[in-house]
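S.K.: Please see the structure below; I have some questions.
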Amino acid sequence: MLSEKSEKFLKKFRIEMMARGKDDEYRDNLEEELRDHLMLAEQNGEDLESVTGGSVKNYMKTLSIELPETNHLRRKILLIFIFLVGMFTIPSLIGGDFDYTLSMFIYYVSLTLFGPFLFYLVIKFIFIHFTDLETEKISTAGIVLCGLYGVIYMALLVGGLYLADRYPIYEFMTLSSKSNMIAGLFLLGIFVFGTVVMGRWFYTFLIIALSLPELSAKIFVGGDPKDENYIIVSAIVLFVVSAVVMTVLFFYSKKEVDD
Amino acid sequence: MSVSDQIMKGLLDGAILALIAEDETYGYQIAEKLKEKAFPDISEGSIYPVLLRLSKKGYVETRMVKSDSGGPKRKYYSISTSGKEELRSFKDKWFKLNQGMSNLFGGDENVK
Numbered sequence: 001m002l003s004e005k006s007e008k009f010l011k012k013f014r015i016e017m018m019a020r021g022k023d024d025e026y027r028d029n030l031e032e033e034l035r036d037h038l039m040l041a042e043q044n045g046e047d048l049e050s051v052t053g054g055s056v057k058n059y060m061k062t063l064s065i066e067l068p069e070t071n072h073l074r075r076k077i078l079l080i081f082i083f084l085v086g087m088f089t090i091p092s093l094i095g096g097d098f099d100y101t102l103s104m105f106i107y108y109v110s111l112t113l114f115g116p117f118l119f120y121l122v123i124k125f126i127f128i129h130f131t132d133l134e135t136e137k138i139s140t141a142g143i144v145l146c147g148l149y150g151v152i153y154m155a156l157l158v159g160g161l162y163l164a165d166r167y168p169i170y171e172f173m174t175l176s177s178k179s180n181m182i183a184g185l186f187l188l189g190i191f192v193f194g195t196v197v198m199g200r201w202f203y204t205f206l207i208i209a210l211s212l213p214e215l216s217a218k219i220f221v222g223g224d225p226k227d228e229n230y231i232i233v234s235a236i237v238l239f240v241v242s243a244v245v246m247t248v249l250f251f252y253s254k255k256e257v258d259d
Numbered sequence: 260m261s262v263s264d265q266i267m268k269g270l271l272d273g274a275i276l277a278l279i280a281e282d283e284t285y286g287y288q289i290a291e292k293l294k295e296k297a298f299p300d301i302s303e304g305s306i307y308p309v310l311l312r313l314s315k316k317g318y319v320e321t322r323m324v325k326s327d328s329g330g331p332k333r334k335y336y337s338i339s340t341s342g343k344e345e346l347r348s349f350k351d352k353w354f355k356l357n358q359g360m361s362n363l364f365g366g367d368e369n370v371k
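From first to last, the protein sequence lines are chains D and G. Residue numbers for the first sequence follow my numbering, so the first one is 1 and each next one is one higher. Residue numbers for the second sequence follow my numbering, so the first one is 260 and each next one is one higher.
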């Protein structure tokens, strides 16, 4: 039998490996191997500290580089943030009211550089500190924290965009509505191509769906995004698109449950 | 990482490969043998990153063996053909390096 201290170390070690997205097979084998080592060490009067140093975090650092990742957590988070940047930029470019200001530049650079890093750190923190060691499931407090963090994060994203829009600091240039639209369509093309190549159909669908209200208003009404008809058409399309997205998500999740 | 730490890291790879070449073995046994042979500055857990590295490079082969007493499975390591070649190359470099360093330091007394 392994001591309670070593057993706790192994569980924390397992969760740390899961949080870092390490390969399942390697994870199971390494845990098994360490368990065997610790059992033999304890039988011979050695303790956990003499084998691993005692700190899960420090021990993981020495192993992390050698353990392959399977779910490529960091790459996925980075992709989501690139997508977020596109999501905030493309519709307003197509609409023609995108601002080329210093504030917007700072906003997008911060969102791309610090966004994924901060997101990963907080999610990893919740995963490591709020996962039940027995069931390996996130506790209720962890889920509440995730929800709270999601709300704060979205508030920061939207609030930051509002502030950048309201306080431009310095305007680099002003492009005509047509030039903005061409840039927007060009970026949309890149995003659609990129997501199709990567096989991320959901993102392809989502970016088209998000650009559709501005695009259809531009085609059918044209002119100023602040025009009443423009707002009505884009609002109607936004409503239809939202309904379609919700329906697709509903059937998709239902199919997953049935499977 | 200091120069001496880097040297130790490189040497540990060769030392563990040499131990595995002697006979099929497992983690705890490797750690014990390193202690027996007075390999310096080694914590037992530090052998696992090395074993993972050797395994990734294909220098060692592994197999999991179920315990008869209901304990955890034990992972056994044996040296592969490419591991044997790597060990030969390591030994060759080590003897040359050892000779060179001894010449450079001018014998044990000057090292101190």
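From the three backbone atoms N, C-alpha and C, an ideal C-beta is built for every residue, glycine too. All values reported here derive from a predicted model rather than from experimental measurement.
Under a three-way DSSP split, which group does Lys-343(G) fall into?
M.R.: helix
S.K.: From what residue to what residue does the alpha helix (DSSP H) around Glu-303(G) run?
M.R.: From DSSP, Glu-303(G) is part of no alpha helix (DSSP H); its letter is neither H nor E.
S.K.: Rounded to the nearest angstrom, what separates Asp-272(G) and Ser-328(G) at their Cα positions?
M.R.: Near 32 Å, if we compare the C-alpha coordinates of Ser-328(G) and Asp-272(G).
S.K.: Residues in the region 62 to 89 of chain D with C-beta within 7 Å of chain G's C-beta atoms, listed in sequence order?
M.R.: Thr-62, Leu-63, Glu-66 and Leu-67
S.K.: Please name the residues in the region 322 to 336 of chain G whose beta-carbon is closer than 9 Å to at least one beta-carbon of chain D, in chain order.
M.R.: Met-323, Ser-326, Gly-330, Pro-331, Lys-332, Arg-333 and Lys-334
S.K.: Are Lys-315(G) and Glu-66(D) touching if we call contact CB-CB under 8 Å?
M.R.: yes
S.K.: Going along chain G in order, which residues have a C-beta closer than 9 Å to the C-beta of Ala-41(D)?
M.R.: Tyr-287, Ala-290 and Glu-303
S.K.: By the 10 Å Cβ neighbour count, where 16 or more other Cβ atoms means buried, how is Phe-250(D) classified, buried or exposed?
M.R.: Exposed, since its Cβ has fewer than 16 Cβ neighbours within 10 Å.
S.K.: Would you list, in chain order, the members of the region 19 to 39 of chain D that have their beta-carbon closer than 8 Å to a beta-carbon of chain G?
M.R.: Tyr-26, Asn-29, Leu-30, Glu-32, Glu-33, Leu-34, Arg-35, Asp-36, His-37 and Met-39
S.K.: Decide yes or no for the touch test of the region 185 to 195 of chain D against the region 107 to 126 of chain D: beta carbon pairs closer than 8 Å, at least 3 of them.
M.R.: no
S.K.: Does the Cβ-Cβ distance between Gly-317(G) and Ser-341(G) come in under 8 Å?
M.R.: yes
S.K.: Is Phe-88(D) buried or exposed, if buried means 16 or more other CB atoms sit within 10 Å of its CB?
M.R.: buried
S.K.: Counting contacts by CB-CB distance shorter than 8 Å, is Tyr-318(G) in contact with chain D?
M.R.: No, Tyr-318(G) lies away from the interface with chain D (no Cβ there is under 8 Å from its Cβ).
S.K.: Hey, is Gln-308(G)'s beta-carbon within less than 8 Å of any beta-carbon in chain D?
M.R.: Sequence check: residue 308(G) is Pro here, not Gln. It does; some Cβ of chain D falls within 8 Å.
S.K.: Tell me Tyr-335(G)'s beta-bridge partners as DSSP assigns them.
M.R.: The bridge partners DSSP lists for Tyr-335(G) are Tyr-285(G) and Arg-322(G).
S.K.: Using a Cβ distance threshold of 8 Å, determine whether the region 91 to 100 of chain D contacts the region 165 to 181 of chain D, with at least three qualifying pairs required.
M.R.: yes
S.K.: For Lys-22(D), which beta-bridge partners are listed by DSSP?
M.R.: Glu-69(D)
S.K.: Could you round the C-beta distance between Lys-5(D) and Leu-48(D) to whole angstroms and report it? I think they count as a contact, below 8 Å.
M.R.: Contact holds; Cβ gap of about 6 Å.
S.K.: Exposed or buried, which one is Thr-174(D) when buried takes at least 16 other CB atoms within 10 Å?
M.R.: Thr-174(D) should be labelled exposed.
S.K.: Straight-line CA distance for Asn-229(D) to Thr-101(D)?
M.R.: 28 Å
S.K.: Check whether the Cβ of Val-370(G) lies closer than 8 Å to any Cβ atom in chain D.
M.R.: Confidence in Val-370(G) is poor, its pLDDT being 49 and thus under 50, which makes the residue's placement too unreliable to answer from.
S.K.: With a CB to CB cut of under 6 Å and the five nearest residues on each side skipped, what residues in its chain are close to Phe-193(D)?
M.R.: none
S.K.: In the structure shown, what three-state DSSP assignment does Glu-228(D) receive?
M.R.: helix
S.K.: What does Lys-315(G) reach in chain D if we use C-beta pairs closer than 9 Å?
M.R.: Below the 9 Å Cβ cutoff, chain D contributes Glu-66 and Pro-68 as neighbours of Lys-315(G), in chain order.
S.K.: Which of the three DSSP states is assigned to Tyr-167(D) in this structure?
M.R.: coil
S.K.: Which same chain residues end up closer than 6 Å to Arg-14(D) when comparing Cβ atoms and leaving out the 5 residues on each side of it in sequence?
M.R.: Glu-31
S.K.: Give a yes or no on whether the minimum CB-CB distance between Gly-53(D) and chain G is below 8 Å.
M.R.: yes
S.K.: Below 9 Å on C-beta distance, what does Leu-271(G) contact in chain C?
M.R.: Going by chain labels, chain C is absent from the structure shown, which instead holds the protein chains D and G.
S.K.: Quick check: is the beta carbon of Ser-262(D) nearer than 8 Å to any beta carbon in chain G?
M.R.: Because chain D spans 1 through 259 in this model, residue 262(D) falls outside it and cannot be assessed.
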